[in-house]
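The structure appears below as C-alpha cells.
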Amino acid sequence: MNTHDQHGRGRTGPRPRGARLLAAAGATALLLASGLATPAASAAPARAAQGVEAKEAKKGDKVLTVAVAQSVDSLSPFLAVRLLSTSIGRLMYEYLTNYDPKDAHAVPALATKWESSPDKLTWTYTIRSNTKWSDGQPVTAEDASWTFNKMMTDDGAATANGSFVGNFSKVTAPSPTKLVIQLKKPQATMTALDVPIVPKHVWENVKDFSKFNNDKSFPIVGNGPFVLTDYKPDSYVRLKANKDFWRGAPKFDELVFRYYKDQDAAVAALRKGEVSFVAGSPSLTPAQAASLKGDKNIHVNDAPGRRFYALATNPGAQAKNGQKFGDGAPSLLDERVRHALFMAVDRKAIVDKVFQGHAVEGQGYIPPRFSSYFWKPSAGQELAYDPTKAGQLLDEAGYKRNSDGKRVGKDGKPLNYRVLCHATDPNDKAVGKYLQEWWGKLGIGVSLDCLDNVTDPWLAGKYDLAFDGWSVNPDPDFVLSIHTCDARPQTPKDTGATDNFICDKTYDQLYAQQLAEYDPAKRADLVKQMESRLYDLGYMNIMAYPNAVEAYRTDQIKSITTMPSQAGNIYGQDGYWSWWSAVPANSGDSSDGSTSTGVVIGIVAGVVVLVGLAVLFTVRRRATAGDRE
C-alpha cells in the first residue's frame, strides 16, 4: 500500500483499498476540538469551532497534536488505504516485523525471530510472549493466524492488503508463540508483511468486513504504542499512550491528529501553538516552509521524500470479468497520444516553479531514495520534454489540427481532457495550469476537475487523467502490485486493489518473477524491468519526487526521530518511530540520538540493508495519494 499520502486516491465507501496518501474524500470543514491541550505549558489551548467539542485530555497530560490535510477513510486495518489511516493503524496494531528507523532493515515486532525452510516455502515466526491486548487479553500466534486466514478466505478482509496473502497456502498456530506460514511458491516479502495483526476475540464477531469501519466503539482494542480512544469523522482522531507497550510507553500521554481542509489554516495554528506539528498535504508548500523558518520556536524538516508525484492516464477501465466501464477518452488508448502528452510536460519547470527546488525531476516509478530499485530511462528511451516531437506524434496518430488550431479526432470533435485534481492540494492546481498552457499549445484542451472527493469518479473510471502519487516503502512490492491485472475489481460494482486499471501481461510476468526472487541483485533488476515497461506504456507520467517538508514547534517537541535518521521524514514513516519516540519539550527525558536536529535540504539516495534472507522488505505507504499509504 503506500504506503499512499495526499496524491492519488483513496477510498470513501465501504471497500477502500491500496495505500495512498490522498486528499480527503467528502471532507467537511474542520471542527476544532476544545480541550486538545498542547504539550508545552506555555502553549495556547486548542480552540473549539462550530460548537463541537472532543473529550478533554486529563489535566497535566502531555498532548502532541498533529495537523493533517487528509481525513480518515477507515479505521479498519482491512479497509484503510490512506496514509493517515494506515499510519494510525501502525500505532494501534503491531505487525510481525518492523523496520529500523536508521536504515530500514527488518527488526522484531510481534515476531521476535523468523526462519524459512530450505525451499523457502515454509516460514516459521516466533511470536512475542507475555504481551497483552489493551483489554488485558493475551496476544498469541492464534491472533496472527486468524488475521491471515480471514484475509485468505474473505474478499472484504482482503480489500487493502490482500496481495500479501495471495500466495499463502496455509497458515497455522501450533502453539501460542509459534506461527507457521506455508507458501505456494517462494515469496520475497516474508519479512515485510505490511499487515496489522488484530485481536481474534474482537474481530471474529464482525459480520461484513467490507463495511465494518471499526469506528463505533472506543477505546479500540489494540497492542501498539497507542490506543485509539476517540474519533470524529473529518475532524480528529485521539489516541492515548499504551503504558504497557512492550517496547516502552510513548513519552507523550496523548496523540491527536486534527484535520484541516485549509493548509494555510494549519500553518497558522502551528504559529499560534494550537498544534505541535504540521504535515502538509502531504508536504508544506515552499512559501509556507519559508515563512516558518524565521520562527525561533519552529523547526522545518526538509528531507528527501518517499513518494512520487504523477499523472495517471485512464487506460480504459475494465474489470477482471472483462466488462468495460467508465468514460475515459478513446484517444488515450493510443500509445502515441500518451507519449505525446508525456513529452509535452516540462518536469524541470514543475520542480523549479511549483516545488521551487524542494523535489527532483521524476523518471522511474521508484524514488531515488531507494537506490537499489531506482531506475531511469536510457537516452534512446527517454520521453524528454520536446513539444515539437509531441506534435509530430499526434499527427502520426491521426489527431491533426483543424482550422482553429484544435486537435480533432476521427469524429471531428476537438480533444479535451478532464484531469482529476485534489481540491486541497495547491500543487495539483499549479501544475494543472501549466498543463493547460503546454497542452493548449499542442491544440488540446484541458479541464481541471478539482474535487474534495476524487474517489468516486476514479473508482467509476470517469476521468481521462488524474494527479496521482504513492508513498513507496523500502520494499516496492505493494506499489508494483497495484498495476497488475489481478488488482482490478472482479466486476465494475466491486472495488479492486488497482491504482489505475492498468493490465499488461508482460508487466504481470515480471511482477511474478520479482516476487519469487530472493537474490537481492536479481530481484532489483526485475523491478527495474517492470519500471521500464511501465514507463514505455505511458500510462504513468512520474513528474517529480517531492521532498518531505514538514514543521513542528520546538517549544512543544524537544526531539523526534526521522526515518531514515539522516535526512528522513517524520510523518508517514514505515513504522511508528516518530510519534513513539517524540519527547515533550518540558520533559526531563533525553532522546536516543536518532532525531531530527536541523533543517536538512537536498536529495540523497536511501540505503537498503540486507540481512541474510531477511531482505529488507517493507511495503508501500502510502503517498499517496499525496501519499495514498
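As numbered in mature numbering (1 follows the signal peptide of the UniProt record, and there is no 0), residues -43 to -1, 1 to 586 make up the sequence shown, in order.
Heads up, the beta-carbon is just placed ideally off N, CA and C, and yes, glycines get one too.
Computed from a predicted structure; not experimentally measured.
Open item on the list: For D456 and I439, which I take to be in contact (beta-carbon distance under 8 Å), what is that distance rounded to the nearest angstrom?
Closed with: Start at 1 with the first residue of the sequence shown, and residue 456 comes out as number 499. Start at 1 with the first residue of the sequence shown, and residue 439 comes out as number 482. That pair is a contact at about 4 Å.
- [ ] Answer yes if the region 47 to 62 comes into contact with the region 513 to 530, meaning at least three C-beta pairs across the two stretches below 8 Å, and no otherwise.
- [x] Touching, yes, given that three or more Cβ pairs across the two stretches are closer than 8 Å.
TODO: Ignore the nearest five residues each way along the sequence and tell me which others in G321's own chain have a CB closer than 6 Å to its CB.
DONE: Within the sequence shown, numbered from 1, the residue matching residue 321 stands at position 364. Exclusion of the five residues before and after G321 leaves W332, K333 and E488 as the residues of its chain whose Cβ lies within less than 6 Å of its Cβ.
Open item on the list: Rounded to the nearest angstrom, what separates residue 669 and P95 at their Cα positions?
Closed with: An answer regarding residue 669 cannot be provided, because it is not within the stretch -43 to 586 covered by the chain.
Task: Candidates V294, G285, R295 and P433, of which the one nearest S328 by Cα - done: On the sequence shown, position 371 is the one that residue 328 refers to. Residue P433 is the option with its Cα nearest to S328.
Open item on the list: Among the candidates E507, V194 and T381, whose CA atom is the shortest distance from the CA of L176?
Closed with: For the purposes of this step, residue 176 is identified with residue 219 of the sequence shown, where counting begins at 1. Leu is not the amino acid found at residue 176; the sequence shown has Pro there. The shortest C-alpha separation from P176 is found at V194.
- [ ] Report the residue from Q220, D111 and S132 whose alpha carbon sits nearest the alpha carbon of G123.
- [x] Position 166 of the sequence shown, counting from 1, holds the residue named residue 123. For the set Q220, D111 and S132, the Cα lying nearest the Cα of G123 is the one of D111.
Task: Simplified DSSP assignment, three categories, for D210 - done: Stepping through the sequence shown from its first residue, residue 210 is reached at position 253. Correct three-state label for D210: coil.
- [ ] Have a look at residue 589 and S28 and give me their C-alpha separation to the nearest angstrom.
- [x] There is simply no residue 589 to check, as the chain begins at -43 and stops at 586 in what is shown.
Open item on the list: What does the Cβ neighbour count give for N162, buried or exposed, with the cut at 16 atoms within 10 Å?
Closed with: Numbered from 1 along the sequence shown, position 205 holds the residue referred to as residue 162. N162 counts as exposed, since fewer than 16 other beta carbons sit within 10 angstroms of its beta carbon.
Open item on the list: Between the alpha carbons of T381 and T146, how many angstroms are there, rounded?
Closed with: In the sequence shown, counting from the first residue as 1, residue 381 sits at position 424. In the sequence shown, counting from the first residue as 1, residue 146 sits at position 189. In this structure, the alpha-carbon of T381 lies about 34 Å from that of T146.
Open item on the list: Taking only three categories from DSSP, how would you classify W534?
Closed with: Counting from one through the sequence shown, the residue named residue 534 turns up at place 577. When DSSP states are grouped into helix, strand and coil, W534 belongs to the helix group.
Task: Uninterrupted alpha helix (DSSP H) stretches inside the region 305 to 375 (no shorter than 4 residues) - done: The region 305 to 375 contains these whole alpha helix (DSSP H) runs: 344 to 353.
- [ ] Tell me whether residue 670 is buried or exposed, calling it buried when 16 or more other Cβ atoms sit within 10 Å of its Cβ.
- [x] Given a span of -43 to 586 for the chain in the structure shown, any question on residue 670 remains unanswerable.
Open item on the list: Can you find the residues in the same chain that come closer than 6 Å, C-beta to C-beta, to P405, ignoring five residues on each side of it along the sequence?
Closed with: Stepping through the sequence shown from its first residue, residue 405 is reached at position 448. Correcting the residue identity first, residue 405 is Leu in this sequence and not Pro. V376, C378 and G389.
Open item on the list: Taking 8 Å as the cut-off, is the beta-carbon of D461 closer than that to any non-hydrogen atom of the ligand COA?
Closed with: In the structure shown, the ligand COA is absent, as is every other ligand, since no ligand is present at all.
TODO: Could you check the C-alpha separation between R358 and V365 for me, to the nearest Å?
DONE: As a first step, residue 358 is located in the sequence shown; it is residue number 401 there, counting from the start. As a first step, residue 365 is located in the sequence shown; it is residue number 408 there, counting from the start. Those two C-alpha atoms are separated by around 6 Å.
TODO: Using a threshold of 9 Å, state whether the C-beta atoms of L408 and S288 are closer than that.
DONE: Counting from one through the sequence shown, the residue named residue 408 turns up at place 451. Counting from one through the sequence shown, the residue named residue 288 turns up at place 331. Not a contact, by the Cβ cut-off of 9 Å.
Open item on the list: Relative to the C-alpha of A469, which candidate in S74, D284, L290 and F121 has its C-alpha closest?
Closed with: Translated into positions along the sequence shown, residue 469 becomes position 512. For the residues S74, D284, L290 and F121, the minimum Cα distance to A469 belongs to F121.
- [ ] Could you tell me if S86 is buried or exposed, where buried requires 16 or more neighbouring beta carbons within 10 angstroms of its beta carbon?
- [x] Along the sequence shown, read from residue 1 onward, the residue named residue 86 stands at position 129. Residue environment analysis places S86 among the exposed positions, since fewer than 16 neighbouring C-beta atoms fall within 10 angstroms of its C-beta.
Open item on the list: At the level of alpha carbons, what is the spacing between N271 and D425?
Closed with: Residue numbering aside, residue 271 sits at position 314 when the sequence shown is read from its first letter. Residue numbering aside, residue 425 sits at position 468 when the sequence shown is read from its first letter. Distance between the alpha carbons of N271 and D425 is about 12 Å.
TODO: Consult DSSP for S120 and reduce its assignment to one of helix, strand or coil.
DONE: The sequence position of residue 120 within the sequence shown is 163, counting from 1. Per DSSP, reduced to three states, the secondary structure at S120 is helical.
Open item on the list: Just to check my reading of the structure: K107 and A114 have Cβ atoms closer than 8 Å, yes? What is that Cβ distance to the nearest angstrom?
Closed with: Taking the first residue of the sequence shown as 1, we reach residue 107 at position 150. Taking the first residue of the sequence shown as 1, we reach residue 114 at position 157. Contact between K107 and A114 holds, since their C-beta atoms are separated by about 5 Å, short of 8 Å.
- [ ] Report buried or exposed for V565, applying the criterion of at least 16 other Cβ atoms within 10 angstroms of its Cβ.
- [x] Here the question's residue 565 lines up with position 608 in the sequence shown. Any reading at V565 must be qualified, since the residue scores a pLDDT of 33, below 50, and its modelled position is unreliable; no value is offered.
Task: Buried versus exposed call for A297 [16 or more other C-beta atoms within 10 Å across all chains shown] - done: Translated into positions along the sequence shown, residue 297 becomes position 340. A residue is called buried when at least 16 other Cβ atoms come within 10 angstroms of its Cβ; A297 meets this threshold and is buried.
- [ ] Let me know if P75 comes out buried or exposed under the rule of 16 or more other beta-carbons within 10 Å of its beta-carbon.
- [x] Within the sequence shown, numbered from 1, the residue matching residue 75 stands at position 118. Under this definition P75 is an exposed residue.
Task: Touching by the beta-carbon criterion (3+ pairs, under 8 Å), the region 306 to 320 and the region 501 to 509 - done: Verdict: yes, contact present.
Task: Inter-residue spacing [alpha-carbon to alpha-carbon] between Y509 and I255 - done: Residue numbering aside, residue 509 sits at position 552 when the sequence shown is read from its first letter. Residue numbering aside, residue 255 sits at position 298 when the sequence shown is read from its first letter. Cα to Cα, the separation comes out at about 6 Å.
- [ ] Would you check if there are 3 or more beta carbon pairs closer than 8 Å linking the region 97 to 106 to the region 124 to 131?
- [x] Contact between the region 97 to 106 and the region 124 to 131 is present, because at least three Cβ pairs lie under 8 Å.
Task: Cβ pair V232, A24 closer than 9 Å - done: The sequence position of residue 232 within the sequence shown is 275, counting from 1. The sequence position of residue 24 within the sequence shown is 67, counting from 1. Taking 9 Å as the Cβ cut-off, V232 and A24 qualify as a contacting pair.
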